[in-house]
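Going by our numbering, the sequence shown opens with residue 2, and the numbers climb by one from there.
Glycine included, each C-beta is placed from N, C-alpha and C at the ideal position.
Shown next, in C-alpha cells, is the structure this report addresses.
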Amino acid sequence: MRSVRTVAHELPVQLVLSHDLSVPIRAALQYDADDPYAVRAVFHTLNQSGTVEWFLSRDMLAQALSEHTGHGDVRMWPPRDSGRDAVRMVLSSPGGSALLEFPAQGVESFLRETWSAVPPGTESSRLDLDAELAQLLAEN
2 MRSVRTVAHE
12 LPVQLVLSHD
22 LSVPIRAALQ
32 YDADDPYAVR
42 AVFHTLNQSG
52 TVEWFLSRDM
62 LAQALSEHTG
72 HGDVRMWPPR
82 DSGRDAVRMV
92 LSSPGGSALL
102 EFPAQGVESF
112 LRETWSAVPP
122 GTESSRLDLD
132 AELAQLLAEN
C-alpha cells in the first residue's frame, strides 16, 4: 500500500471587507509529509494575476476549529455567533491585514487527510534532524 505524501484541497474562501461585504477568492490548503508540521495556504489575488502564500502550523489550524489560537501575524478562531460555519483567520503583514473565512467542513476534511498521511504526534519521526543539521553546517 502506497502512503499519501501530499494533500491539497481547493476551498471556497471569503475575503471579508466589512461586516456586510465579502468577496470570494480562490484558495488552497496544501500539506507535504516531508514538512509534517506545516500547512501551506495559497491565495489567488483578486485579479487572478498571482498568488500569496502563507505557512501555518497544522496544529494551530486544527485548534482553530474549537478555540481562538495564534498571535502576531496569524490568528484564527472557530465558527461562533456569525451564523456561518466558517473558521476565521486574520493574516497581518507590514502591507496590511486580511480577514478570511474558510468553510469549517472543508478545513476538517483537509485535516483528516493530513492526519491519515502523518498521524498527530508522529511528526518528529518524519524528520531527519542529522541531515538537516549537516545541511545547515555545510551552508556556513
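Name the DSSP bridge partner or partners of residue i?
i	result
residue 90	77 and 101
residue 33	7
Could you compute how far the alpha carbon of residue i sits from the alpha carbon of residue j?
i	j	result
residue 13	residue 139	43 Å
residue 110	residue 136	35 Å
residue 3	residue 39	Residue confidence for residue 3 is low, a pLDDT of 45 falling below 50, so the modelled location carries little weight; the figure read from the coordinates is stated next. Distance between the alpha carbons of residue 3 and residue 39 is about 22 Å.
residue 9	residue 21	30 Å
residue 18	residue 93	14 Å
residue 122	residue 106	23 Å
Per DSSP, what kind of secondary structure is residue i in: helix, strand or coil?
i	result
residue 52	strand
residue 2	Residue confidence is low: residue 2 scores 40 on pLDDT, short of 50, so the model does not pin down where it sits. No coordinate-derived value is stated.
residue 58	strand
residue 112	helix
Roughly how far, in whole angstroms, is the beta-carbon of residue i from the beta-carbon of residue j, given that I think they are within contact range, below 8 Å?
i	j	result
residue 134	residue 15	Between residue 15 and residue 134 the Cβ distance is about 42 Å, and since that is not below 8 Å, they are no contact.
Please tell me whether residue i has its Cβ less than 7 Å away from any Cβ of chain C.
i	result
residue 113	Of the protein chains in this structure there is only one, and it is not chain C.
Closer than 8 Å is the cut-off here; do at least three beta carbon pairs connect the stretch 71-90 with the stretch 110-123?
no
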